[in-house]
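This report refers to the structure that appears directly beneath it.
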Amino acid sequence: MTGELAIEARDLTRVFGAFTAVNHITFDVRVGEVFGFLGANGAGKTTALRMLIGLLAPTSGSARVAGHDVFSQSEAIKPDIGYMSQRFSLYEDLTVRENIALYGGIYGLTNREIRERTERMLGRLGFDRAANDLVRALPLGWRQKLAFSVALLHQPRIVFLDEPTSGVDPITRRQFWELIYEAAASGTTVLVTTHYMDEAEYCDRISIMVAGQIGAMGTPSDLKRQFGTESIDELFVQLARPDAAGAAGASTHAK
Amino acid sequence: MRMPARTSQLTQAPGAGADAVVVDGLVKRFGRTTALDGVSFSVRAGELFGFIGPDGGGKTTLLRILTTLLVPTAGTAHVLGQDVVKGLWTLRPRIGYMPGRFSLYPDLSVEENLRFFASVFGTSVEREYEQIAPIYTQIEAFKDRRAAALSGGMKQKLALCCALVHRPEILFLDEPTTGVDAVSRREFWDLLDQLKATRLTIVVSTPYMDEAKRCDRVALVQRGRLLALDTPGAITASFDRPLLAVHADNRYRALLALRDYPGTHTIYPFGAVLHYTDQRRDAAVDQIAGELKTFLETRGFRDVRADRIPATIEDSFMAFMGAPEEDRRTGAA
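Residue numbers (our numbering), protein chains in the order written: chain G, 1064 to 1318; chain F, -5 to 327.
Okay, here's the thing in structure tokens:
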């Protein structure tokens, strides 16, 4: 059953004290799919993500990521996944080349593999001239593209991207999505979170979390048809604020 | 929910016209970095004015100069008729500022934060209650909660109350919706609409292009320069090539194929479709669409469609980014 599936979550649940952050979520992500993981602040996205990458044990339910059980094999998940967070991905005081070597070393690549993959990556990104620049000196968009490539350095089967395009310019944002498509086309599964609702439409399928549960899941076009909305943005508003049609002041459920 | 009307002292200032902000040739350098590279514009009294652009474009620097927190390297800026450098002390009590980073005291309660900001400006929460009530009543149930323990949406509302508690004549907000989910963003813009209805002048920055449509006028900001300044409608209307949404069964492969298509001027992924502009500025749209379709279909793509669509702010932003330097700046008002 795991042959075709990169992620299988079954009734995955996480409780913090009296608060159920993730409440029996069940979903699959297929190999090579670009899966958008959406939800309002506090809806449980981050908690779910942390369980899937083996950083947080579920309270109940189960999940398999790249064929490994998140309960009993959380360490085995790590070599098979890449992770890029919006806040922190690269060491700013190291050069581009040093960052790549550091991550390669952490993931146990040989010096030769690191050397070869570094040259290939720099060439593909067009970063040859910036190889010895400090990451701190790179424009934000370059840093994000580099962080994504570094997350793929050890050739993981699944890559998790947590708001990878926040604040970058629209052209760079699109170049970033091309990198995502390229990775997916070569068989890497991509799970991505974003606050840009138009970006949801770049995904093959999306899920929208509402108060710890999956409120909707499907291809963007099917979901728009199903909910009778013009855009994912509208659908998101409908789901996240079912009773308050745009009225302010309901954002108090977020912890 | 209704906000109290405000009387504007601005329009009475002789000779000042109705401009709340006038900026001329503003430059700011930090060491070798040029954050602002000769920016000129004005904001009318009562206007909801947006600075739209990616991180690192100079939006925060600009707002910090306008709020008297930074001194420009060159050029001048007037807010409410006062020079932001010379008029610092008279200007400060008249402006409200909501910085980009959450800047309240995390260990103080909601109410303590508000009292603190009121007292700094020599007033009290009681005296200004009517002013902040429309927003404050939404968080008043949590007035004893430490600010650190608030949700993102509530922090935003508290920060907005603190920026308004001294009854400013102009409000500056630096990326108030960054990192906030789409629903909370919408609600925050609804609040700004209500504030605008009280004739408060509002200057706001955002990296979210889709928020441009919530502003009266916007300036598109990139690398310390203004790429364009106008109403959102006028900016998108000035998109000077026919724009087509291209759909095909495999959008990534279609994107790569269209990179090599001789007619392509620009081709960008845009959600489920690709946005295409043609080399020929004046060719008929039907002809362009027909040729595109043929090109993709002969390469084995299925479900191919190519439809003319109006440009969005994002299309316009990318067009300005790609234009030669001398064409980038349109007439700033």
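In this text, a Cβ means the ideal position worked out from N, Cα and C, and glycines have one as well. Keep in mind it's a predicted model, so treat the numbers as computed, not measured.
For TRP1240 (chain G), is the classification buried or exposed, using 16 other Cβ atoms within 10 angstroms of its Cβ as the cut-off for buried?
What you label residue 1240 (chain G) is simply residue 177 of the first sequence in a count that begins at 1. It is buried - the Cβ of TRP1240 (chain G) has at least 16 other Cβ atoms within 10 Å.
According to DSSP, THR62 (chain F) sits in a beta bridge with which residue or residues?
Taking the second sequence and counting its residues from 1, the one referred to as residue 62 (chain F) is at position 68. DSSP, once it has assigned bridges, lists no residue as partnering THR62 (chain F).
Step through the CB atoms of chain G and report whether any lies within less than 8 angstroms of the CB of PHE311 (chain F).
The residue given as residue 311 (chain F) occupies position 317 in the second sequence. Interface residue (Cβ-Cβ distance to chain G less than 8 angstroms): PHE311 (chain F) is classified as such.
Per-residue contacts from PRO1202 (chain G) into chain F (C-beta, under 8 angstroms):
Position 139 of the first sequence holds residue 1202 (chain G). By Cβ distance, chain F contributes GLY50.
Alpha-carbon to alpha-carbon, VAL159 (chain F) and GLU122 (chain F)
In the second sequence, the residue the question calls residue 122 (chain F) occupies position 128. In the second sequence, the residue the question calls residue 159 (chain F) occupies position 165. Rounded to whole angstroms, GLU122 (chain F) to VAL159 (chain F) spans 6 angstroms at the Cα level.
By DSSP, does GLY47 (chain F) sit in helix, in strand, or in coil?
Here residue 47 (chain F) is taken as the residue at index 53 of the second sequence, counted from 1. Of the three classes helix, strand and coil, the one that applies to GLY47 (chain F) here is coil, per DSSP.
Exposed or buried, what is HIS259 (chain F) when buried is set at 16 or more other beta-carbons lying within 10 Å of its beta-carbon?
Position 265 of the second sequence, counted from the first residue, corresponds to residue 259 (chain F). Looking at its Cβ environment, which holds fewer than 16 other Cβ atoms inside 10 Å, HIS259 (chain F) is exposed.
GLU41 (chain F) versus THR225 (chain F): straight-line alpha-carbon distance, rounded
For the purposes of this step, residue 41 (chain F) is taken as residue 47 along the second sequence, with counting starting at 1. For the purposes of this step, residue 225 (chain F) is taken as residue 231 along the second sequence, with counting starting at 1. Looking at the two C-alpha atoms, the distance is approximately 11 angstroms.
Who are the near neighbours of ILE59 (chain F) in its chain, counting only those whose CB is closer than 8 angstroms to its CB and skipping five residues on each side?
To locate residue 59 (chain F), count along the second sequence from 1; it is residue 65. Around ILE59 (chain F), the same chain offers LEU20, LYS22, LEU30, VAL65, PRO66, ALA71 and VAL78 as residues with beta carbons nearer than 8 angstroms, after the five sequence neighbours per side are excluded.
Quick one, are the C-beta atoms of LEU1115 (chain G) and VAL1133 (chain G) less than 8 angstroms apart?
For the purposes of this step, residue 1115 (chain G) is taken as the residue at position 52 of the first sequence. For the purposes of this step, residue 1133 (chain G) is taken as the residue at position 70 of the first sequence. A contact, by the Cβ cut-off of 8 angstroms.
Mind listing, in chain order, the continuous alpha helix (DSSP H) runs of no fewer than 4 residues lying wholly within the stretch 163 to 216 of chain F?
176 to 190
Determine, for PRO263 (chain F), whether the minimum Cβ-Cβ distance to residues of chain G falls below 8 angstroms.
Position 269 of the second sequence, counting from 1, holds the residue named residue 263 (chain F). Yes, contact with chain G.
Just checking: is the beta-carbon of ARG180 (chain F) within a distance shorter than 8 angstroms of some beta-carbon in chain G?
In the second sequence, residue 180 (chain F) corresponds to position 186, counting from 1. Chain G contact via Cβ: present.
Which residue's Cα is closest to the Cα of MET312 (chain F): F:TYR246, F:ASP254, F:TYR255 and F:ILE229?
By one-based count along the second sequence, residue 312 (chain F) stands at place 318. Among F:TYR246, F:ASP254, F:TYR255 and F:ILE229, the Cα nearest to that of MET312 (chain F) belongs to F:ILE229.
Locate the alpha helix (DSSP H) running through TYR1244 (chain G), then write down its first and last residues.
Residue 1244 (chain G) sits at position 181 when you count from the first residue of the first sequence. Per DSSP, the continuous alpha helix (DSSP H) segment holding TYR1244 (chain G) begins and ends at 1233 to 1248.
Using a Cβ-Cβ cut-off of 8 angstroms, state whether SER1229 (chain G) counts as contacting chain F.
Along the first sequence, read from residue 1 onward, the residue named residue 1229 (chain G) stands at position 166. So yes, SER1229 (chain G) belongs to the interface.
Quick one: is GLY1309 (chain G) near chain F, going by C-beta distance under 8 angstroms?
Within the first sequence, numbered from 1, the residue matching residue 1309 (chain G) stands at position 246. With a pLDDT of 41 at GLY1309 (chain G), under the threshold of 50, the predicted position of this residue should be treated as unreliable, though the coordinate-derived value follows. Yes, GLY1309 (chain G) counts as interfacial toward chain F.
Inter-residue Cα distance where the pair is GLY1281 (chain G) and MET1184 (chain G)
By one-based count along the first sequence, residue 1281 (chain G) stands at place 218. By one-based count along the first sequence, residue 1184 (chain G) stands at place 121. The straight-line gap from Cα to Cα measures roughly 33 angstroms.
For chain G, find out if any of its Cβ atoms is closer than 8 angstroms to the Cβ of MET203 (chain F); answer yes or no.
As a first step, residue 203 (chain F) is located in the second sequence; it is residue number 209 there, counting from the start. With 8 angstroms as the cut-off, MET203 (chain F) counts as an interface residue toward chain G.
Thinking C-beta only, is ILE1221 (chain G) closer than 8 angstroms to ILE1277 (chain G)?
For the purposes of this step, residue 1277 (chain G) is identified with residue 214 of the first sequence, where counting begins at 1. For the purposes of this step, residue 1221 (chain G) is identified with residue 158 of the first sequence, where counting begins at 1. Their beta carbons are not under 8 angstroms apart, which means ILE1277 (chain G) does not touch ILE1221 (chain G) by this criterion.
Got a sec: is the Cβ-Cβ distance from ALA374 (chain F) to anything in chain G below 8 angstroms?
The structure shown does not extend to residue 374 (chain F), since chain F is modelled only from -5 to 327, so the question has no answer here.
Note the first and the last residue of the continuous alpha helix (DSSP H) segment covering ARG106 (chain F).
Counting from 1 along the second sequence, the entry for residue 106 (chain F) is found at position 112. It is worth fixing the name first, because residue 106 (chain F) is Glu in this sequence and not Arg. Counting along the chain, the alpha helix (DSSP H) containing GLU106 (chain F) begins and ends at 104 to 114.
Alpha-carbon to alpha-carbon, LEU237 (chain F) and ASP276 (chain F):
Here residue 276 (chain F) is taken as the residue at index 282 of the second sequence, counted from 1. Here residue 237 (chain F) is taken as the residue at index 243 of the second sequence, counted from 1. C-alpha separation (whole angstroms): 12 angstroms.
Beta strand (DSSP E) segment containing ARG161 (chain F), residue limits:
Position 167 of the second sequence, counted from the first residue, corresponds to residue 161 (chain F). Run containing ARG161 (chain F): none; DSSP gives neither H nor E here.
Neighbouring residues, chain F, relative to VAL1085 (chain G) (Cβ below 7 angstroms):
Position 22 of the first sequence, counting from 1, holds the residue named residue 1085 (chain G). Those within 7 angstroms of VAL1085 (chain G) in chain F number zero; the least Cβ separation is about 17 angstroms.
Using a Cβ-Cβ cutoff of 7 angstroms, what residues of the stretch 1277 to 1310 of chain G are near chain F? List them in chain order.
If the cut-off is 7 angstroms between Cβ atoms, the stretch 1277 to 1310 of chain G has PRO1283, SER1284, ASP1296, PHE1299, VAL1300, ALA1303, ARG1304 and GLY1309 near chain F.
Is it true that the CB of VAL33 (chain F) sits closer than 8 angstroms to the CB of ALA14 (chain F)?
In the second sequence, residue 14 (chain F) corresponds to position 20, counting from 1. In the second sequence, residue 33 (chain F) corresponds to position 39, counting from 1. No, these two residues do not count as a Cβ contact at 8 angstroms.
Just checking: is the beta-carbon of GLY25 (chain F) within a distance shorter than 8 angstroms of some beta-carbon in chain G?
Locating residue 25 (chain F) in the second sequence gives position 31, where the first residue counts as 1. So, not an interface residue.
Please list, in chain order, all residues of the same chain as SER1294 (chain G) whose beta carbon is under 6 angstroms from its beta carbon, the five residues on each side excluded.
Here residue 1294 (chain G) refers to the residue found at position 231 when the first sequence is read from its first residue. Hits under 6 angstroms: none found.
Neighbourhood of THR1158 (chain G) by C-beta, 8 angstroms cutoff - its chain only, sequence neighbours within 5 removed:
Locating residue 1158 (chain G) in the first sequence gives position 95, counting from the first residue. The residues are ALA1194, ASN1195, ASP1196, LEU1197 and VAL1198.
What does TRP1205 (chain G) touch in chain F if you count any residue whose Cβ is under 7 angstroms from its own?
As a working mapping, residue 1205 (chain G) is identified with position 142 in the first sequence. Those within 7 angstroms of TRP1205 (chain G) in chain F number zero; the least Cβ separation is about 11 angstroms.
Alpha carbon to alpha carbon, what distance is there between VAL240 (chain F) and PHE35 (chain F)?
Residue mapping note: residue 35 (chain F) aligns to position 41 of the second sequence, counting from 1. Residue mapping note: residue 240 (chain F) aligns to position 246 of the second sequence, counting from 1. Rounded to whole angstroms, PHE35 (chain F) to VAL240 (chain F) spans 37 angstroms at the Cα level.
LEU1197 (chain G) CB to nearest chain F CB: under 8 angstroms?
Counted from its first residue, the first sequence places residue 1197 (chain G) at position 134. No, because no Cβ of chain F sits closer than 8 angstroms to the Cβ of LEU1197 (chain G).
Could you name the residues that DSSP lists as bridge partners for HIS259 (chain F)?
Here residue 259 (chain F) is taken as the residue at index 265 of the second sequence, counted from 1. DSSP, once it has assigned bridges, lists no residue as partnering HIS259 (chain F).
Below 7 angstroms on C-beta distance, what does MET1260 (chain G) contact in chain F?
Locating residue 1260 (chain G) in the first sequence gives position 197, where the first residue counts as 1. Correct list: ALA176.
Is there at least one Cβ from chain F nearer than 8 angstroms to ARG1237 (chain G)'s Cβ?
By one-based count along the first sequence, residue 1237 (chain G) stands at place 174. Closer than 8 angstroms: yes.
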